[in-house]
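Beneath this line is the structure, given in structure tokens, with notes to follow.
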Amino acid sequence: MPDIQMRFHHDMLTLSSPLESTLIAQGFDLSFGVSLLSVLEPEAVSAALRLQVAAGAPCLVAPTAGVTHARLAHQRAADRDINIAQAAKSLATAFTTQHVLAEIGATGLPIDPNSKSSLTANRDEYLRAARAIGDADIDAFFVNGLTGAADARCALMGVRQVFATPLIASVDVNEEGIANDGTGLEDIVAVMADLEADVVGFCTSADSEGAARLAQRAAHACDRPLLVQLNVQKQPSSTLFSHARGQLDIPYADPSSMVQAADCLRAAGAQFIRAVGAATPAYAGALAAALAGTEPIR
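Counting with full-length UniProt numbering, you get residues 1 to 298 for the letters of the sequence shown.
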């Protein structure tokens, strides 16, 4: 796999979409998460990954998001974190693709930014998850779904304490660029950059123009490569969709909407783009086709 760092500020890159939509459509119960499903139903997860690879996204996101102790504890599987992490990672690294990113999802634990014990506990969750995954055969760690500045600080410090591997970080924000903890996007990406994130980013449900405005704000706040994740909402059922489509302004109603979104986000300064939420492999394919051979503007 090529060194992903050599592509920073040089190539527009698409990340594969989450596997949930594909697996849910096939009838799998994901209440325990895709990471654990990688052990229970490896063939199904591998098949879902194969669809993402076929879609053409250069960056394949491994299904390792749920390997923190806090998440696995809900399934009484915290003591199996290494086995689950390695199984999930190996399903992704088995494919021939340009880059593999090992995702670490937010812990879901409460964070008190004024409590040293709370911050330490959250930091250690990310540290243990990164250690369970390991940096072999991956191009970067991808801490995703962060809830704000304190969570970003814990995640980045945790991973950086054990690995110097390239690190991508993304925070969830609303359409105004505010995270769950009330912190603004600019402040969060500044924290990410200060704590040595190689790529900073955010996830939003805003439409392409709104997401582009947020991307411009993030790009002005730091000079790191920028990731934008677009949250695709679940569409109405086919019987209702024909009625709802004329009445509702539904962003990203079909994969073709990714073409305009890709153009808007590239012009706003993004380099990495991903469709998440209810996105199917077709969304990743549309993004990959739209961005193939293009360069970021910053």
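Glycine included, C-beta positions come from ideal geometry on N, C-alpha and C. Small disclaimer: the values here were computed from a predicted structure and weren't measured.
In this chain, the beta strand (DSSP E) harbouring V232 covers 226 to 232. G285 and D263 have their C-alpha atoms roughly 15 Å apart.
Two segments are said to touch when three or more pairs of C-beta atoms, one from each, lie closer than 8 Å; by this definition the region 149 to 166 does not touch the region 83 to 96. In the DSSP annotation of this structure, the continuous segment of the beta strand (DSSP E) that includes R274 starts and ends at 272 to 277. In this structure, DSSP gives A253 a state outside helix and strand, which the three-state scheme calls coil.
In this chain, the beta strand (DSSP E) harbouring I104 covers 99 to 105.
Exclusion of the five residues before and after E175 leaves A206, G210 as the residues of its chain whose Cβ lies within less than 6 Å of its Cβ. G66: not part of any alpha helix (DSSP H); DSSP gives it neither H nor E.
For V162, the CB contacts under 7 Å within the same chain, skipping 5 residues up- and downstream, are L127, A130, R131 in chain order.
When the five nearest sequence neighbours on each side are left out, the beta carbons in the same chain lying within less than 6 Å of the beta carbon of P281 are those of L51, Q52, A55, in order along the chain. Taking the C-beta atoms as reference points, E186 is found no nearer than 9 Å to A215.
For T204, the three-state secondary structure derived from DSSP is strand. If you look at S46, you'll find it in the alpha helix (DSSP H) that goes 42 to 55.
For N122, the enclosing alpha helix (DSSP H) starts and ends at 116 to 133.
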